[in-house]
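Protein chains in written order, with this note's numbering: chain A, 19 to 364; chain B, 19 to 290; chain C, 11 to 281. Ideal Cβ positions, reconstructed from N, Cα and C, are used throughout, including at glycine.
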């Protein structure tokens, strides 16, 4: 099944609500043909507002524009943008069967009956729900509803597929299975897609690129790898995955903190913080290591173990993931080192 | 501890039985009086008769037909004006729609007598209108409209009409297509509950109608008041029996509809 | 067609009906209430003329007593019906709600059958004591009639609220040692307060404005709606009838609005 994905350009789209709140500062970005972009952020970060503007459910503030290929669609309502959308609550029509729901968009487009039936059958097959065609919506499970919602959005062969937290309503195991399926689907269809989620694993798995949003602004755009390994702000660093932080200062080429220090090639700063991931830490002898901390708790996880270390200050513990060989006792002093390329100063 | 509990229960049962008796006994008396040859002697002595029912039909059949006509006309107006408005009120919560919602609910808070008086002062001099049953229809529409609007709005809220409509819009449906294909079919339980309510209330409406009617436009409750004041008890009872026969099936249907569609038909507190 | 225009089109019929047949007449009613032949304003007269003032106070007293009695009875019955399961329960509840749809005149007739000249109470008291007790055509009769149509409405609200009550709350109170009386007083009744306020206000407003029952029972009982009716039809005192209507409407509206503010949603109704 082919789809013709559009190139999408969002230009200076902001949104101020009538009560004066700025849900979205003017943001700009482009989505390539066939690319999946995941918009990630905590609730209230503006990701859903951005999606609704792209969809046409909401207009941007004056000055903003949305382009599909070379067409300015800013003033088109959603029904004339030829997109497909999967809603968080699915928004399946209870007065129609599964088949009726999936066929609805084609009916609106006056696709002849025979072709309509063929295309509905095709999409239902693709989503593995052909046997549900005559079911009423209230007879479906959550996972089945999700599939119907996706089938309905895809049946019209949209230029752009918009997914608004499509898996949030499902339980964890189902969510993971459908995540894998959606990933395969998006790759095989080559459709342009925007996927809004607050779940970072969904964003990292599904997004060719991830847009991390914070307080109505784009915090960072990049591949999953970039976002995880090269976060450009404290917010991104701490929002994605587990991140350790040691506060201190930089003087004459050395980072100094309450738990130790090391040489860095950075300009002096009265206040600086070193960031690193639990898996980048090397455990060393305390006397020769740059940082020295006390073991507070040990979680043995089988293949690995996770240590919670604490320095003199009462801040957050330092988390360290290590192999299962050595055994650590709470109260023991350990030394840690982090390779220069894994250490970020933000 | 157990003793105080069972005391409460016994007291509750006693009160409940008394309240039930209070509610049911007069209705039963009324029904039996309507088919009793002579109420003063009692049904056992004087026997069962349908004379009074025949008499009521001869005297008051036209009020029954007028009540049915007004009720149906009220239903048509509340459907045509109320259902689309309920949709707009739900879909666009704003200052203007909020004000409109408040205004249409006002006839519930203001006694019917006051509304009737206002209508007479405003339109009483337009002879043809004043003398026609349209004048009564106007009052009934004002009084029953909030029930239709609220009943539909309750279902719209329960079904999350906004998202459903966005779903239809994302598939290319125009505002009219969304209203026709998605909103109307799914709001049917609310329309049904509202319709039953409107017809029931219209048939029983007295406060407005008494002021608005003319000797040639008497509805059933107006005729009832007339019979209570001037007819013997058996005829008044037989006439009341007609009212029960018209309204009770509607009430039963309403209960069935409420059970069928769960709580969607609106809270119990907003009835009448 | 834009969404905006489509919506205006949909709301237009109702807007037109409301404007022409409610707002305009109510405006005229308001203006008419000032058009008087007397020197003093009609509103001032309501509060200074003994006849109006006494009927206002009597109506208020009647409405308040009706509300309190209805709340007490309906709560007692409602709590029982909400918890106990017995055969025929749903049919019983359905039957108890029927009086909701009875117009005031029919309710008045029910009171006549109960306590009128040929009424049940009169027959029984005549057989027992030899004296026939007849109270249908008095304030007591009116109170009985108001209870008749108020009880079902409050009953429904109380039952709906009681059924939503988390039974774990009562279990928790009992686990802390509370006796059934305490559970009722400290947990159940406080939780039902919003329902009491909401349904109590409806009950009060309905009792204030009710006309049909008083009309059927007697023209001698001077409750406010009856006074309005006689002012308009017999005395042709349009200004006073209008002023009393506005006054009465304001009282019921304020009661319902207060209840909506303090008792949550779901408040409406009066007839």
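CB contact below 8 Å: residue i versus chain C
i	result
residue 278 of chain B	no
residue 34 of chain B	yes
residue 216 of chain B	no
residue 53 of chain B	no
residue 231 of chain B	no
residue 81 of chain B	no
residue 92 of chain B	no
Cβ of residue i within 8 Å of any chain B Cβ
i	result
residue 187 of chain A	no
residue 96 of chain A	yes
residue 174 of chain A	yes
residue 6 of chain C	Residue 6 of chain C lies beyond the range of chain C shown here (11 to 281); nothing can be said about it.
residue 262 of chain A	no
residue 112 of chain A	yes
residue 96 of chain C	no
residue 350 of chain A	no
residue 24 of chain C	yes
residue 233 of chain C	no
residue 73 of chain A	yes
residue 101 of chain A	yes
residue 111 of chain C	yes
residue 35 of chain A	no
DSSP-derived helix/strand/coil call for residue i
i	result
residue 26 of chain B	helix
residue 128 of chain A	coil
residue 203 of chain C	helix
residue 54 of chain B	strand
residue 238 of chain A	strand
residue 256 of chain A	helix
residue 244 of chain A	helix
residue 56 of chain A	strand
residue 305 of chain A	coil
residue 25 of chain C	helix
residue 44 of chain A	strand
residue 333 of chain A	coil
DSSP beta-bridge partners of residue i
i	result
residue 180 of chain A	A:103, A:212
residue 339 of chain A	A:324
residue 262 of chain A	A:294
residue 352 of chain A	A:311
residue 31 of chain A	A:45
residue 279 of chain A	A:274
residue 267 of chain A	A:274
Short CB-CB distance (under 8 Å) between residue i and chain A
i	result
residue 203 of chain B	yes
residue 210 of chain B	no
residue 282 of chain B	Its pLDDT being 39, under 50, residue 282 of chain B is placed unreliably in this model, and the value from its coordinates should be taken loosely. No - not a single Cβ of chain A is within 8 Å of the one on residue 282 of chain B.
residue 189 of chain B	yes
residue 200 of chain B	yes
residue 181 of chain B	yes
residue 252 of chain B	no
residue 192 of chain B	yes
Cβ-Cβ distance between residue i and residue j below 8 Å
i	j	result
residue 189 of chain B	residue 126 of chain A	yes
residue 27 of chain C	residue 159 of chain B	yes
residue 251 of chain C	residue 238 of chain C	yes
residue 165 of chain C	residue 87 of chain C	yes
residue 69 of chain A	residue 230 of chain A	no
residue 233 of chain C	residue 242 of chain C	no
residue 356 of chain A	residue 298 of chain A	yes
Taking three-plus beta-carbon pairs below 8 Å as touching, is the region 223-237 of chain C in contact with the region 13-21 of chain C? no
Below 8 Å, can you find three or more Cβ-Cβ pairs linking the region 224-231 of chain B to the region 201-213 of chain B? no
So, do the region 104-124 of chain A and the region 195-210 of chain B have three or more beta carbon pairs nearer to each other than 8 Å? yes
Cβ contact (3+ pairs, closer than 8 Å) linking the region 172-187 of chain A and the region 204-213 of chain A: yes
With a cut-off of 8 Å, do at least 3 Cβ pairs link the region 63-82 of chain A to the region 35-54 of chain A? yes
Under 8 Å, with one C-beta from each stretch per pair, do the region 48-55 of chain A and the region 25-36 of chain A reach the 3-pair mark? yes
Pairing CB atoms from the region 331-351 of chain A with CB atoms from the region 24-43 of chain B, are three or more of them under 8 Å? no
Is the region 92-101 of chain B touching the region 235-254 of chain B in the sense that three or more CB pairs, one from each, lie closer than 8 Å? no
Under 8 Å: do the region 258-268 of chain A and the region 283-290 of chain A share three or more Cβ pairs, one atom per stretch? yes
Check whether the region 146-153 of chain C and the region 103-114 of chain C are in contact - that is, three or more C-beta pairs closer than 8 Å. no
Could you say if the region 112-132 of chain B and the region 55-66 of chain B meet the contact criterion of at least three C-beta pairs nearer than 8 Å? no
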